[in-house]
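Protein chains: 2
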Amino acid sequence: MDTIKADLKNYKALLRNYIETQDEKSLYGAEQISKSFIKKNILPEEIVNLHIQAITELYPDLSEDIQHAMNFLLETMISYGLAHQEFQTLREKQL
Amino acid sequence: MDTIKADLKNYKALLRNYIETQDEKSLYGAEQISKSFIKKNILPEEIVNLHIQAITELYPDLSEDIQHAMNFLLETMISYGLAHQEFQTLREKQL
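Shown next as structure tokens:
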């Protein structure tokens, strides 16, 4: 199994568990998976993308409005990620 | 009107427009609002928080599962934002 598929599988399992229980353990899982994403230099929009994939697999009958709404959030994050990368590049030039 | 309320109002209007039309203009709006958030040093989790507020105002009958799912996404972003800030601090120390 490649990394993206493994990440999606893990994220989906944690998300499902959180939806069912809203317990501290699932929140701790969210924190841990997030930290592992950071180590892999995964940008915030990629997490939103993973979230969209997970939620549409868990809820295949999800209303189109909610799917559009998530795509809008993804769009704001893409701009955010791009600007963040520019900022990083500038910082690195200053080093 | 304070800034957060104005941001929420703008985000909600753009989001509603995107849900209704999915047109390029709304996507451009997403890009612009995102850029204005970056200028104000707003972290990604704050955008997710704004998104949650907007979507629950637009869809007050949204299923609890979907609300929980968005809170889980928020949690992953909070960790991400924290780690990002630590990274920034380290970078600044290196300057």
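So the protein sequences, as listed, match chains A and B.
With the working numbering, letter number 83 in the first sequence gets 83, and the count goes up by one each step, no holes.
All you need for the working numbering is the position in the second sequence, starting with 1, plus 100.
Glycine included, every Cβ here is placed at the ideal spot set by N, Cα and C.
Contact test: residue i Cβ vs the ligand GDP heavy atom, cutoff 7 angstroms
i: Pro160(B); result: As far as ligands go, the structure on display features none, and thus does not contain the ligand GDP.
Residue i burial status per 10 Å Cβ neighbour count (16 or more: buried)
i: Ser136(B); result: exposed
i: Glu45(A); result: buried
Residue nearest to residue i in terms of C-alpha spacing, selected from the options
i: Ile107(A); options: Pro144(B), Leu114(B), Glu175(B), Tyr118(B); result: The structure shown does not extend to residue 107(A), since chain A is modelled only from 1 through 95, so no value can be given for it.
i: Tyr11(A); options: Gln194(B), Glu192(B), Ala169(B), Leu162(B); result: Ala169(B)
i: Leu8(A); options: Gln22(A), Thr21(A), Asn41(A), Leu58(A); result: Leu58(A)
i: Leu182(B); options: Ser34(A), Asp61(A), Leu15(A); result: Ser34(A)
i: Ser179(B); options: Val148(B), Lys125(B), Asp161(B), Ala113(B); result: Val148(B)
i: Ile38(A); options: Glu124(B), Gln194(B), Met177(B); result: Met177(B)
i: Asn117(B); options: Phe72(A), Thr89(A), Lys93(A); result: Phe72(A)
i: Asp61(A); options: Asp161(B), Thr121(B), Ile166(B); result: Ile166(B)
i: Leu14(A); options: Gly29(A), Glu24(A), Lys93(A); result: Gly29(A)
i: Gln122(B); options: Glu64(A), Glu31(A), Leu27(A); result: Glu64(A)
Where the stretch 128 to 139 of chain B meets chain A: residues whose CB sits under 8 angstroms from a CB there: Within the stretch 128 to 139 of chain B, those residues whose Cβ lies closer than 8 angstroms to any Cβ of chain A are, in chain order, Ala130, Glu131, Ile133, Ser134, Lys135, Phe137, Ile138.
Counting pairs of beta carbons, one from the stretch 147 to 158 of chain B and one from the stretch 4 to 15 of chain A, are three or more of them closer than 8 angstroms? no
Quick one, which residues of the stretch 162 to 177 of chain B are near chain C if we go by CB-CB under 7 angstroms, in chain order? Considering every chain present, this structure includes no chain C. Its protein chains are A and B.
Using Cβ-Cβ distances below 7 angstroms, what residues of the stretch 9 to 23 of chain A are close to chain B? Leu15, Tyr18, Ile19, Gln22
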